[in-house]
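Okay, so the sequence shown: first residue is 0 according to numbering that gives the first Met the number 0, each after it adds one.
Heads up, the thing below is written out as C-alpha coordinates.
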Amino acid sequence: MPPHARVTKTVLRTARAKTSRRQDYSSSTKRALLDNATQLFTDHGYAGTSLDEVVAAARVTKGALYHHFPSKLALFESVFLRVQEGTTADIEKALAASKDPWERAQIGLEKFLEVCREPEFRRICMQEGPVALGHERWQEAERAASFGMVQRVVDDLLSDLGGGDELGNAFAAVFYGAIRSASEYVADAEDPDAASDEVQATIGALLAGLRLLPTVG
(Lines of atoms letter the chains of each structure in order from A and count residues from 1; the text may use other names and numbers.)
(Lines give C-alpha, C1' and ligand atoms only; values in the text may rest on other atoms or scores of the structure.)
Protein backbone atom coordinates (compact mmCIF):
# COMPACT_ATOMS: atom_id res chain seq x y z
CA MET A 1 0.00 0.00 0.00
CA PRO A 2 1.45 3.42 -0.95
CA PRO A 3 2.49 5.66 2.01
CA HIS A 4 -0.14 8.31 1.19
CA ALA A 5 -2.87 5.66 1.16
CA ARG A 6 -1.84 4.41 4.60
CA VAL A 7 -1.90 7.97 5.93
CA THR A 8 -5.36 8.57 4.46
CA LYS A 9 -6.66 5.33 5.97
CA THR A 10 -5.26 6.26 9.40
CA VAL A 11 -6.77 9.74 9.22
CA LEU A 12 -10.20 8.35 8.30
CA ARG A 13 -10.06 5.73 11.08
CA THR A 14 -9.14 8.42 13.63
CA ALA A 15 -11.94 10.69 12.40
CA ARG A 16 -14.48 7.86 12.67
CA ALA A 17 -13.31 7.05 16.20
CA LYS A 18 -13.67 10.69 17.25
CA THR A 19 -17.14 10.89 15.70
CA SER A 20 -18.18 7.70 17.50
CA ARG A 21 -16.94 9.05 20.84
CA ARG A 22 -18.83 12.32 20.30
CA GLN A 23 -22.00 10.42 19.46
CA ASP A 24 -21.63 8.19 22.53
CA TYR A 25 -21.09 11.23 24.74
CA SER A 26 -24.07 13.02 23.21
CA SER A 27 -26.29 9.96 23.73
CA SER A 28 -25.20 9.49 27.33
CA THR A 29 -25.75 13.21 28.02
CA LYS A 30 -29.26 13.09 26.60
CA ARG A 31 -30.03 9.93 28.55
CA ALA A 32 -28.78 11.51 31.79
CA LEU A 33 -30.93 14.58 31.18
CA LEU A 34 -34.02 12.48 30.51
CA ASP A 35 -33.43 10.17 33.47
CA ASN A 36 -32.94 12.99 35.94
CA ALA A 37 -35.71 15.15 34.48
CA THR A 38 -38.09 12.19 34.80
CA GLN A 39 -37.31 11.86 38.50
CA LEU A 40 -37.59 15.60 39.15
CA PHE A 41 -40.87 15.97 37.24
CA THR A 42 -42.22 12.97 39.15
CA ASP A 43 -41.21 14.39 42.51
CA HIS A 44 -41.96 18.08 41.97
CA GLY A 45 -44.15 18.39 38.89
CA TYR A 46 -43.59 20.57 35.82
CA ALA A 47 -43.92 23.97 37.49
CA GLY A 48 -41.88 22.86 40.49
CA THR A 49 -38.87 21.74 38.44
CA SER A 50 -36.27 24.13 37.08
CA LEU A 51 -33.75 23.52 34.31
CA ASP A 52 -30.98 24.46 36.74
CA GLU A 53 -32.05 21.52 38.91
CA VAL A 54 -32.08 19.21 35.91
CA VAL A 55 -28.57 20.08 34.71
CA ALA A 56 -27.22 19.92 38.26
CA ALA A 57 -28.70 16.45 38.78
CA ALA A 58 -27.47 15.26 35.37
CA ARG A 59 -24.03 16.88 35.94
CA VAL A 60 -24.00 18.61 32.57
CA THR A 61 -23.95 22.23 31.44
CA LYS A 62 -26.94 24.33 30.51
CA GLY A 63 -25.48 24.48 26.99
CA ALA A 64 -25.53 20.68 26.77
CA LEU A 65 -29.20 20.71 27.76
CA TYR A 66 -30.11 23.30 25.13
CA HIS A 67 -28.20 21.27 22.53
CA HIS A 68 -30.79 18.51 22.98
CA PHE A 69 -33.85 20.39 24.22
CA PRO A 70 -34.61 24.00 23.20
CA SER A 71 -36.90 24.61 26.18
CA LYS A 72 -38.23 23.20 29.41
CA LEU A 73 -41.45 22.27 27.62
CA ALA A 74 -39.51 20.35 24.96
CA LEU A 75 -37.69 18.46 27.70
CA PHE A 76 -40.95 17.63 29.47
CA GLU A 77 -42.58 16.46 26.25
CA SER A 78 -39.66 14.12 25.58
CA VAL A 79 -39.94 12.74 29.12
CA PHE A 80 -43.71 12.37 28.71
CA LEU A 81 -43.40 10.51 25.40
CA ARG A 82 -40.69 8.23 26.75
CA VAL A 83 -42.85 7.25 29.73
CA GLN A 84 -45.84 6.74 27.42
CA GLU A 85 -43.85 4.56 25.02
CA GLY A 86 -42.45 2.49 27.88
CA THR A 87 -45.93 1.96 29.26
CA THR A 88 -47.32 0.91 25.88
CA ALA A 89 -44.45 -1.55 25.42
CA ASP A 90 -45.08 -3.06 28.87
CA ILE A 91 -48.80 -3.52 28.16
CA GLU A 92 -48.11 -5.01 24.72
CA LYS A 93 -45.71 -7.47 26.35
CA ALA A 94 -48.34 -8.43 28.92
CA LEU A 95 -50.96 -8.92 26.18
CA ALA A 96 -48.65 -11.32 24.37
CA ALA A 97 -48.98 -13.78 27.27
CA SER A 98 -52.39 -14.97 26.03
CA LYS A 99 -54.12 -15.69 22.75
CA ASP A 100 -57.65 -15.70 24.21
CA PRO A 101 -59.24 -12.31 23.36
CA TRP A 102 -61.24 -12.08 26.61
CA GLU A 103 -58.28 -12.99 28.76
CA ARG A 104 -56.14 -10.50 26.82
CA ALA A 105 -58.68 -7.76 27.51
CA GLN A 106 -58.55 -8.52 31.24
CA ILE A 107 -54.76 -8.70 31.22
CA GLY A 108 -54.50 -5.37 29.39
CA LEU A 109 -56.90 -3.71 31.80
CA GLU A 110 -55.11 -5.06 34.87
CA LYS A 111 -51.69 -4.00 33.54
CA PHE A 112 -52.90 -0.52 32.63
CA LEU A 113 -54.48 0.03 36.03
CA GLU A 114 -51.27 -1.19 37.61
CA VAL A 115 -49.34 1.41 35.62
CA CYS A 116 -51.81 4.14 36.64
CA ARG A 117 -50.81 3.53 40.27
CA GLU A 118 -47.10 3.98 39.57
CA PRO A 119 -45.89 7.44 40.73
CA GLU A 120 -43.97 8.17 37.51
CA PHE A 121 -46.84 7.52 35.09
CA ARG A 122 -49.45 8.94 37.42
CA ARG A 123 -47.64 12.25 37.94
CA ILE A 124 -46.10 12.83 34.52
CA CYS A 125 -48.68 11.39 32.14
CA MET A 126 -51.94 11.83 34.01
CA GLN A 127 -51.51 14.87 36.24
CA GLU A 128 -48.80 17.05 34.70
CA GLY A 129 -49.26 16.16 31.03
CA PRO A 130 -52.56 18.01 30.43
CA VAL A 131 -51.31 21.08 32.29
CA ALA A 132 -47.86 21.34 30.68
CA LEU A 133 -48.73 20.24 27.13
CA GLY A 134 -52.25 21.60 26.94
CA HIS A 135 -55.28 19.36 26.79
CA GLU A 136 -55.34 19.04 22.98
CA ARG A 137 -51.68 18.00 22.64
CA TRP A 138 -52.01 15.69 25.64
CA GLN A 139 -55.04 13.95 24.11
CA GLU A 140 -53.24 13.62 20.79
CA ALA A 141 -50.20 11.99 22.42
CA GLU A 142 -52.34 9.70 24.57
CA ARG A 143 -54.33 8.55 21.57
CA ALA A 144 -51.22 7.95 19.47
CA ALA A 145 -49.73 5.81 22.24
CA SER A 146 -52.69 3.64 23.11
CA PHE A 147 -55.67 3.84 20.75
CA GLY A 148 -54.25 1.35 18.25
CA MET A 149 -53.73 -1.17 21.02
CA VAL A 150 -57.31 -0.73 22.27
CA GLN A 151 -58.58 -1.07 18.70
CA ARG A 152 -56.83 -4.42 18.26
CA VAL A 153 -58.15 -5.76 21.56
CA VAL A 154 -61.71 -4.70 20.70
CA ASP A 155 -61.49 -6.11 17.17
CA ASP A 156 -60.47 -9.47 18.61
CA LEU A 157 -63.41 -9.43 21.05
CA LEU A 158 -65.90 -8.60 18.31
CA SER A 159 -64.42 -11.22 16.03
CA ASP A 160 -64.88 -13.81 18.76
CA LEU A 161 -68.55 -12.78 18.91
CA GLY A 162 -68.97 -13.54 15.23
CA GLY A 163 -68.60 -10.22 13.47
CA GLY A 164 -69.13 -6.60 14.32
CA ASP A 165 -66.69 -5.19 11.76
CA GLU A 166 -68.98 -2.26 11.06
CA LEU A 167 -69.15 -1.49 14.78
CA GLY A 168 -65.42 -1.88 15.42
CA ASN A 169 -64.58 1.82 15.37
CA ALA A 170 -67.53 2.73 17.58
CA PHE A 171 -66.72 0.02 20.12
CA ALA A 172 -63.04 1.01 20.16
CA ALA A 173 -63.93 4.68 20.73
CA VAL A 174 -66.29 3.79 23.59
CA PHE A 175 -63.81 1.45 25.28
CA TYR A 176 -60.94 3.89 24.77
CA GLY A 177 -63.01 6.66 26.37
CA ALA A 178 -63.94 4.39 29.26
CA ILE A 179 -60.34 3.40 29.89
CA ARG A 180 -59.11 6.99 29.71
CA SER A 181 -61.78 8.10 32.18
CA ALA A 182 -60.85 5.17 34.38
CA SER A 183 -57.19 6.15 34.34
CA GLU A 184 -58.04 9.71 35.40
CA TYR A 185 -60.30 8.35 38.15
CA VAL A 186 -57.47 6.19 39.49
CA ALA A 187 -54.80 8.89 39.12
CA ASP A 188 -56.85 11.48 41.02
CA ALA A 189 -58.08 9.15 43.76
CA GLU A 190 -56.91 9.50 47.35
CA ASP A 191 -56.67 5.70 47.43
CA PRO A 192 -55.51 4.61 43.94
CA ASP A 193 -55.55 0.92 44.86
CA ALA A 194 -59.20 1.01 45.93
CA ALA A 195 -60.12 3.09 42.85
CA SER A 196 -58.33 0.58 40.63
CA ASP A 197 -60.28 -2.31 42.15
CA GLU A 198 -63.54 -0.43 41.53
CA VAL A 199 -62.64 0.27 37.91
CA GLN A 200 -61.55 -3.28 37.27
CA ALA A 201 -64.83 -4.61 38.67
CA THR A 202 -66.87 -2.15 36.61
CA ILE A 203 -65.16 -2.73 33.27
CA GLY A 204 -64.97 -6.44 34.02
CA ALA A 205 -68.76 -6.48 34.39
CA LEU A 206 -69.13 -4.69 31.04
CA LEU A 207 -66.89 -7.24 29.35
CA ALA A 208 -68.82 -10.11 30.95
CA GLY A 209 -72.08 -8.64 29.68
CA LEU A 210 -70.65 -8.19 26.19
CA ARG A 211 -69.51 -11.81 26.14
CA LEU A 212 -73.06 -12.99 26.77
CA LEU A 213 -74.29 -11.45 23.52
CA PRO A 214 -75.04 -14.11 20.89
CA THR A 215 -73.58 -12.07 18.02
CA VAL A 216 -72.60 -8.48 17.32
CA GLY A 217 -73.33 -6.83 14.00
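Built from N, CA and C at the ideal position, the CB exists for glycine as well.
6 Å CB neighbourhood of residue i in its chain, flanking five on each side removed
{"i": "ARG122", "result": "THR41"}
{"i": "GLY44", "result": "GLU127"}
{"i": "ASP155", "result": "PRO100"}
Reduced DSSP secondary structure (H/G/I, E/B, other) of residue i
{"i": "LYS29", "result": "helix"}
{"i": "LYS96", "result": "This sequence places Ala at residue 96; Lys is not what is there. It is coil, neither helix nor strand."}
{"i": "LEU212", "result": "coil"}
{"i": "THR60", "result": "coil"}
{"i": "ARG116", "result": "coil"}
{"i": "PHE68", "result": "coil"}
{"i": "ALA200", "result": "helix"}
{"i": "ASP190", "result": "coil"}
{"i": "THR41", "result": "helix"}
{"i": "SER77", "result": "helix"}
{"i": "SER49", "result": "coil"}
{"i": "LEU160", "result": "coil"}
{"i": "GLY133", "result": "coil"}
Residue i Cβ short of 7 Å to the ligand FMN heavy atom set
{"i": "GLU117", "result": "Summarising the ligand content, the structure contains no ligands, and the ligand FMN is consequently not present."}
Residue i versus residue j - alpha carbon distance
{"i": "ASN35", "j": "TYR65", "result": "15 Å"}
{"i": "GLN126", "j": "GLU76", "result": "13 Å"}
{"i": "LEU132", "j": "GLY167", "result": "30 Å"}
{"i": "GLN105", "j": "GLY203", "result": "7 Å"}
{"i": "GLY107", "j": "VAL173", "result": "16 Å"}
{"i": "ALA200", "j": "LYS29", "result": "42 Å"}
{"i": "GLU135", "j": "VAL185", "result": "21 Å"}
{"i": "LEU211", "j": "GLY161", "result": "12 Å"}
{"i": "GLY208", "j": "ALA169", "result": "17 Å"}
{"i": "SER27", "j": "PHE111", "result": "30 Å"}
Cutoff 7 Å; reference residue i; Cβ partners in own chain excluding five residues on either side
{"i": "GLN83", "result": "CYS124, ALA140 and ALA144"}
{"i": "ALA57", "result": "ALA31, LEU32 and ASN35"}
{"i": "LEU94", "result": "ARG103, ILE106 and GLY107"}
Chain-order list of residues whose beta-carbon lies under 8 Å from that of residue i (same chain, five-residue window excluded)
{"i": "LEU50", "result": "LYS61, LEU64, LYS71 and LEU74"}
{"i": "THR87", "result": "ALA144, SER145 and MET148"}
Cβ pair count under 8 Å reaching 3, the region 168 to 182 against the region 101 to 117: yes
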